[in-house]
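Per the working numbering, the sequence shown starts with residue 60, numbered consecutively.
Glycine included, C-beta positions come from ideal geometry on N, C-alpha and C.
As the structure is a computational prediction, the values presented were derived from the model and not from experiment.
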Amino acid sequence: MQRTIYITVFRIAILTVLLALLIDTLFVQVVIPQQYEFSNVKKIKRLIEMDRNDEVPIFGSSIAKRSYIPDSIGQGYYNYGMAGSVFAMLEPLLKIELEKDKDTPILIDFEHHFFLSHEEIRFQMSNYIPHVDQPYIREMLKERGLFRYQYDIPGLRLFGQYDDYLLDLLRLRFNREYANKGGLFFKDKQKDLTLYRTRRARMIVEMKELRLLAEENPRLLTSDKRYKLELLDILLNSRPDAEYITRFESLLSTNPDRDFVLIYSPQNEIKLMGLENHDEVSELLQGLDEKWSNLHVLDYSMAGFSDGYYHDSGHMNIRGALRFSEMIRQDMERLFPEDPTLWTPQFTPQER
């Protein structure tokens with residue numbers, strides 16, 4: 060009887076392992092390769108494997124993904140923007156790009172959280188797990204304490220990430236948007252931004268109240284209120300990590316033959332509400348621009364785009380993206396006039 064139980068348990072264990080390997084193979088060989096080109100995991104795969112010496116990469120967060128239209132900027136551009144990306148997440152991708160034998164410029168979207176380092180920053184692990192063999196990605200995950208032994212084991216590595224891949228594969232079946240070479244763009248649909256403005260104003264008031272409490276009655280500032288004040292200050296203002304600025308400058312200094320274009324995209328007035336140190340952000344960008352000959356800063360933050368160009372307070376719609384991309388095209392032509400073949404706009408919006 061006991062022997063029969065052992066055999067049954069052994070068979071179940073074998074079947075479980077085989078099923079896990081089958082699911083892993085299905086996702087690695089079918090589901091992930093079938094993702095749309097704007098899927099983050101597929102973008103990283105492309106970045107690692109693609110070695111076109113005429114490609115001009117665009118890096119950044121969802122602001123880049125939603126605002127930079129490659130074919131409106133020029134030929135050869137590709138949008139590698141990924142939601143939530145700050146410098147800590149982009150650094151390994153930039154290093155991968157900089158190892159290629161290329162001389163095309165690199166566009167990087169900048170916003171005032173770009174150099175932020177904080178425990179509340181969330182990494183979407185499904186983007187990186189299939190690529191943990193890539194040394195720079197592996198190093199980044201280990202540095203952040205995010206690497207797990209199971210990421211090296213087929214059958215275990217994707218456990219808990221399946222939903223992300225399926226949602227990326229299926230979501231456009233129900234949400235029609237515009238896509239272009241890695242970019243994904245919201246429709247030009249007029250949206251009331253009052254709710255975003257109200258939320259922002261509430262955050263500002265709460266931060267001021269907590270600051271006043273800390274100043275007048277510090278004993279009443281409990282640990283949870285102190286942490287809330289820290290988060291509000293980080294969300295509203297720019298608090299760059301000096302180490303990340305140094306590491307970014309290291310990329311500039313060790314790659315003098317590559318031009319970097321750091322672009323502070325047009326900020327909706329709601330996004331600027333509560334940003335008390337915008338002047339410091341501008342000074343940081345100006346200082347970097349003056350210090351490095353291979354860095355070109357384009358500061359459009361105060362361009363004054365109206366609400367009609369935005370999908371929400373942080374992301375443009377297709378109309379805003381088209382206008383913004385045309386501005387970039389003109390400035391790229393001004394910065395790099397020696398290669399006019401790159402500046403031919405071609406994009407015609409088509410839904411996906």
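Asp-211 classed as buried or exposed, judged by whether at least 16 other C-beta atoms fall within 10 angstroms: Reading the sequence shown from its first residue, position 152 is the one you call residue 211. It counts as exposed.
Between the CA atoms of Lys-350 and Asn-314 - distance to the nearest angstrom: Taking the first residue of the sequence shown as position 1, residue 314 is located at position 255. Taking the first residue of the sequence shown as position 1, residue 350 is located at position 291. Within the model, the alpha-carbon separation for Asn-314 versus Lys-350 is close to 14 Å.
Pairwise C-alpha distance: Leu-80 and Ala-301: In the sequence shown, the residue the question calls residue 301 occupies position 242. In the sequence shown, the residue the question calls residue 80 occupies position 21. Ala-301 and Leu-80 have their C-alpha atoms spaced approximately 44 Å apart.
Residues near Leu-288 in its chain [Cβ-Cβ closer than 8 Å; skip 5 each side]: Indexing the sequence shown from 1 puts residue 288 at position 229. So the qualifying residues of the chain are Met-266, Leu-269, Arg-270, Ala-273, Leu-280.
7 Å CB neighbourhood of Asn-138 in its chain, flanking five on each side removed: Position 79 of the sequence shown holds residue 138. Closer than 7 Å at the Cβ level, and outside the excluded window around Asn-138, lie Ile-117, Ala-123, Lys-124, Tyr-127, Pro-129, Lys-240, Gly-241, Gly-242.
Of the residues Thr-305, Asn-296, Tyr-187, the one placed nearest Ile-329, counting alpha carbons only: Within the sequence shown, residue 329 is the residue found at index 270, counting from 1. With distances taken between Cα atoms, Ile-329 lies closest to Asn-296.
Nearest residue (CA-CA) to Tyr-208, options Asp-192, Tyr-323, Arg-306: Start at 1 with the first residue of the sequence shown, and residue 208 comes out as number 149. The candidate whose alpha carbon is nearest that of Tyr-208 is Asp-192.
Best match in His-370, Arg-378, Leu-294 for proximity to Glu-170 [C-alpha to C-alpha]: On the sequence shown, residue 170 is found 111 positions in, with the first residue counted as 1. Taking only the C-alpha atoms, the option nearest Glu-170 is Leu-294.
Own chain, CB closer than 7 Å to Met-375, minus 5 neighbours either side, in chain order: Your numbering for residue 375 matches position 316 in the sequence shown. Same-chain partners within the cutoff: Arg-125, Ser-126, Tyr-368, Tyr-369, Phe-383.
Where the beta strand (DSSP E) through Leu-166 begins and ends: Here the question's residue 166 lines up with position 107 in the sequence shown. That run of the beta strand (DSSP E) goes 165-169.
Whole beta strand (DSSP E) elements within the stretch 298-383, 3-residue minimum: Uninterrupted beta strand (DSSP E) stretches at least 3 residues long and entirely within the stretch 298-383 occur at 319-323, 354-358, given in chain order.
Cβ neighbour criterion (16 or more within 10 Å) applied to Val-320: On the sequence shown, position 261 is the one that residue 320 refers to. Classification of Val-320: buried, given that the 10 Å Cβ count is 16 or more.
Segment contact, 8 Å Cβ cut-off, at least three pairs: the stretch 178-194 with the stretch 217-225: yes
Val-145, buried or exposed, once every other Cβ within 10 Å from all chains shown has been counted against 16: Taking the first residue of the sequence shown as position 1, residue 145 is located at position 86. Classification for Val-145: buried.
Where Tyr-286 falls: helix, strand or coil (DSSP): Residue numbering aside, residue 286 sits at position 227 when the sequence shown is read from its first letter. It is helical.
Option nearest Phe-173 by Cα separation, candidates Ser-324, Arg-393, Arg-378, Phe-395: For this step, residue 173 is matched to residue 114 along the sequence shown. Nearest C-alpha to Phe-173: Ser-324.
Exposure label - Met-148; buried when at least 16 CB within 10 Å: What you label residue 148 is simply residue 89 of the sequence shown in a count that begins at 1. Buried, by the Cβ-count rule.
Best match in Val-356, Asp-358, His-355, Ala-380 for proximity to Ser-365 [C-alpha to C-alpha]: The count along the sequence shown starts at 1 and reaches residue 365 at position 306. Checking every option, the nearest Cα to that of Ser-365 belongs to Ala-380.
Neighbour-count burial assignment, Ser-352, 16 or more Cβ in a 10 Å radius: Looking up residue 352 in the sequence shown gives position 293. When all chains shown are included, Ser-352 counts as exposed.
Pair within 8 Å by beta-carbon distance, Asp-160 and Asn-112: One-based indexing of the sequence shown puts residue 160 at position 101. One-based indexing of the sequence shown puts residue 112 at position 53. It is a contact, given that the beta carbons lie within the stated cut-off.
Gln-88 at chain B interface by Cβ criterion, 8 Å: Reference to chain B is not applicable here, since this structure consists of a single protein chain.
Contact under 8 Å by Cβ, Tyr-224 with Phe-86: Looking up residue 224 in the sequence shown gives position 165. Looking up residue 86 in the sequence shown gives position 27. For Tyr-224 and Phe-86, yes; Cβs fall inside 8 Å.
Spatial distance of Ile-304 from Ile-167 (CA atoms): Counting from one through the sequence shown, the residue named residue 304 turns up at place 245. Counting from one through the sequence shown, the residue named residue 167 turns up at place 108. Taking the straight line from one Cα to the other gives about 14 Å.
Selection from Met-141, Gln-389, Gly-214 that minimises the alpha carbon distance to Asp-227: Counting from 1 along the sequence shown, the entry for residue 227 is found at position 168. The shortest C-alpha separation from Asp-227 is found at Met-141.
Counted within 10 angstroms of its Cβ, other Cβ atoms place Ile-188 as buried (16 or more) or exposed: Here residue 188 is taken as the residue at index 129 of the sequence shown, counted from 1. Buried, since its Cβ has 16 or more Cβ neighbours within 10 Å.
Inter-residue Cα distance where the pair is Glu-202 and Thr-63: Translated into the one-based positions of the sequence shown, residue 202 becomes position 143. Translated into the one-based positions of the sequence shown, residue 63 becomes position 4. When rounded, the distance between both Cα atoms is 47 Å.
Ser-176 to Ile-132 span [Cα, whole Å]: For the purposes of this step, residue 176 is identified with residue 117 of the sequence shown, where counting begins at 1. For the purposes of this step, residue 132 is identified with residue 73 of the sequence shown, where counting begins at 1. For Ser-176 and Ile-132, the distance between alpha carbons rounds to 31 Å.
CA nearest to the CA of Arg-235, picked from Ser-120, Ile-377, Leu-74: Your numbering for residue 235 matches position 176 in the sequence shown. For the residues Ser-120, Ile-377, Leu-74, the minimum Cα distance to Arg-235 belongs to Ile-377.
Beta bridge counterpart(s) of Ala-238 as assigned by DSSP: Position 179 of the sequence shown, counting from 1, holds the residue named residue 238. According to DSSP, which records beta bridges pairwise, Ala-238 is partnered with Leu-243.
Cβ distance (whole Å) where Arg-306 is taken to contact Ile-165 below 8 Å: Along the sequence shown, read from residue 1 onward, the residue named residue 306 stands at position 247. Along the sequence shown, read from residue 1 onward, the residue named residue 165 stands at position 106. Contact doesn't hold; Cβ gap of about 15 Å is too wide.
Simplified DSSP assignment, three categories, for Met-145: Counting from 1 along the sequence shown, the entry for residue 145 is found at position 86. Here residue 145 turns out to be Val, not Met, going by the sequence shown. It is coil, neither helix nor strand.
Val-412 versus Asp-348: straight-line alpha-carbon distance, rounded: In the structure as shown, the chain begins at 60 and stops at 411. Residue 412 is therefore absent and cannot be evaluated.
Whether Leu-252 touches Ser-372 by CB criterion (8 Å): The residue labelled residue 252 in the question sits at position 193 within the sequence shown. The residue labelled residue 372 in the question sits at position 313 within the sequence shown. Yes. Within cutoff.
For Val-191, the three-state DSSP class (helix, strand or coil): On the sequence shown, residue 191 is found 132 positions in, with the first residue counted as 1. Reduced to three states, the DSSP call for Val-191 is coil.
Contiguous alpha helix (DSSP H) assignments of at least 4 residues, all confined to the stretch 61-129: 61-85, 99-108, 121-126
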